[in-house]
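Below is one structure, written out as structure tokens; comments come after it.
Numbering (full-length UniProt numbering), first residue to last: 1 to 297.
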């Protein structure tokens, strides 16, 4: 029992910590290959923005867990790992002599520690209005301006807007029923994405109603007991997989799980991880995932 509790607690901490495009990349305009500064990305949000601009960083934090929580776009070959996002190896970073360090607001080392090593640039995922999609768009443009990639950013955002329009046109039928998007923490708890989340913003753009209309906090997420899912109306549900098949296997045999409306109606789909605190590439991948599900649901 102690071992099981320890495992659950470890997983809870990992998920909550993580919460604080290969095929699809072929669809947007090619970016010019130019000499690039030595940039180190300490969080996955600015890392995604760099990749969206066609910029290959010298190094990044937490590249191993990237495959579990983000998956795509694939990381460039030869990317140096500088440790965990929460506690990167500052001595190693200094030895790499970066020209620029990019990081996320409120996550990882204090800005002053980084500024002692190299020039820095900070990025916020969201704002008090709960508009992360607008925030990451403006962040991308700011980064592009810093790197002389303004035209690349303009082309990327134009491509992204076309993807949204195409998805909205295809997913008209999805407006008939609310959609629930969540991840499991353990056998008793889930993290739900509300209207203030990145994917909640995307659903609003697509005209899809979010099944969760409760409190979702600054980050657009709500941690709830599984029993709360039983109180939601008839809906479609999507569970983002983060290597939690063992939890799903255990929970799937419980009466509570089997009583959930979307489970009884075979309206639940398990999909590969997409970074819920990402930027435009994560948002587009979410759209693409819905379009793929539309062909099978």
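All residues carry an ideal CB built from backbone N, CA and C; glycine is no exception.
Predicted, not measured: the structure shown is a model, and the values here were computed from it.
Alpha-carbon to alpha-carbon, residue j and residue i
i, j, result
"residue 92", "residue 245", "35 Å"
"residue 229", "residue 260", "7 Å"
"residue 23", "residue 206", "Unreliable placement is indicated for residue 23, whose pLDDT of 34 sits below 50; no coordinate value is reported for it."
"residue 326", "residue 169", "Nothing about residue 326 can be reported from this structure: the residues present for the chain run from 1 to 297 only."
"residue 380", "residue 38", "Nothing about residue 380 can be read from this structure; the chain reaches only from 1 to 297."
"residue 163", "residue 227", "36 Å"
"residue 131", "residue 124", "11 Å"
"residue 110", "residue 94", "15 Å"
"residue 136", "residue 288", "19 Å"
"residue 85", "residue 275", "14 Å"
"residue 71", "residue 116", "32 Å"
"residue 212", "residue 81", "37 Å"
"residue 281", "residue 52", "7 Å"
"residue 60", "residue 255", "43 Å"
"residue 233", "residue 176", "13 Å"
"residue 26", "residue 189", "For residue 26, the pLDDT reaches just 36, beneath the cut-off of 50, and the residue's location in the model is therefore unreliable, leaving the point undetermined."
"residue 293", "residue 267", "11 Å"
"residue 209", "residue 165", "17 Å"
"residue 138", "residue 253", "45 Å"
"residue 297", "residue 112", "50 Å"
"residue 240", "residue 100", "33 Å"
"residue 196", "residue 148", "31 Å"
"residue 184", "residue 204", "23 Å"
"residue 79", "residue 47", "11 Å"
"residue 285", "residue 73", "9 Å"
"residue 161", "residue 64", "31 Å"
"residue 295", "residue 220", "28 Å"
Residues of its chain near residue i, where Cβ-Cβ distance is below 7 Å and the 5 sequence neighbours each way are ignored
i, result
"residue 68", "242, 243 and 273"
"residue 29", "Confidence is the limiting factor: at residue 29 the pLDDT is only 37, short of 50, which leaves the residue's position unreliable, though a coordinate-based value still follows. Taken in chain order, the residues that qualify are 155 and 159."
"residue 283", "133, 198 and 202"
"residue 127", "135"
"residue 250", "187"
"residue 146", "121"
"residue 66", "44 and 75"
"residue 231", "none"
Cut-off 8 Å between Cβ atoms - residues of its own chain near residue i, not counting five sequence neighbours on either side
i, result
"residue 264", "258"
"residue 235", "177, 178, 179, 180, 211, 261, 262 and 267"
"residue 83", "61, 62, 89 and 92"
9 Å Cβ cutoff met for residue i and residue j
i, j, result
"residue 40", "residue 96", "yes"
"residue 98", "residue 77", "no"
"residue 103", "residue 120", "yes"
"residue 114", "residue 58", "no"
"residue 194", "residue 214", "yes"
"residue 105", "residue 122", "yes"
"residue 191", "residue 237", "no"
"residue 171", "residue 157", "no"
"residue 45", "residue 278", "yes"
Contacting residues, own chain, Cβ-Cβ under 6 Å from residue i (five flanking each side not counted)
i, result
"residue 143", "49"
"residue 36", "55"
"residue 270", "239 and 241"
Nearest-angstrom Cβ-Cβ length linking residue i and residue j, presumed shorter than 8 Å
i, j, result
"residue 291", "residue 167", "6 Å"
- prompt: What runs of the beta strand (DSSP E), each 3 residues or longer, lie entirely inside the region 212-236?
  reply: Given a length threshold of 3 residues, each whole run of the beta strand (DSSP E) inside the region 212-236 is given here in chain order: 221-225.
field: Complete runs of the beta strand (DSSP E) confined to the region 248-282 [at least 3 residues]
entry: As summarised for the region 248-282, the continuous beta strand (DSSP E) elements at least 3 residues long and confined to that stretch are 268-271, given in chain order.
message: Quick check for students: name the residue ranges of the beta strand (DSSP E) that lie wholly in the region 25-100, counting only runs of 3 or more.
response: Annotation note: the region 25-100 contains the following uninterrupted beta strand (DSSP E) runs of length 3 or greater, listed N- to C-terminal: 39-41.
task: Only counting runs of 4 or more residues, tell me where the alpha helix (DSSP H) segments fall wholly within the region 164-217, in order along the chain.
output: If we require 4 residues or more, the alpha helix (DSSP H) runs fully inside the region 164-217 come out as 198-206.
query: Where are the beta strand (DSSP E) runs, 3 residues long or more, that stay fully inside the region 119-165, in chain order?
result: Complete beta strand (DSSP E) runs here, min 3: 120-123.
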